[in-house]
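For the numbering used here, add 15 to where a residue sits in the sequence shown, where the first one is 1.
From the three backbone atoms N, C-alpha and C, an ideal C-beta is built for every residue, glycine too.
A short worksheet on the structure shown next.
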Amino acid sequence: ESGRTPVPGVWVAGNAADPRAGVVQATASGMTAAVAINADLTEEDTVRALASARAARRTA
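If you want it as structure tokens, here you go:
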């Protein structure tokens, strides 16, 4: 699980995701969520950049 919640922009990890998690599991959960958050943010930036480039091509 990536830690994504149904609320856009809200992620959970560690003991917030699983109160029974030990230190190792909580750390792994945090790392997994961090990777998923980075991918989400990178995707948003890529989509914006492509939209901007396409709009610039249409006006040129």
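Worksheet item: Hey, is the stretch 44-59 in contact with the stretch 17-28, meaning 3+ C-beta pairs nearer than 8 Å?
Response: Because the criterion of three Cβ pairs below 8 Å is met, the stretch 44-59 and the stretch 17-28 touch.
Discussion item. If you follow the alpha helix (DSSP H) that glutamate 59 is in, where does it begin and where does it stop?
Written reply: Following the DSSP letters along the chain, one finds glutamate 59 inside the alpha helix (DSSP H) bounded by residues 38-74.
Worksheet entry | Euclidean distance between Cα positions of valine 22 and leucine 56 | So the two alpha carbons sit approximately 15 Å from each other.
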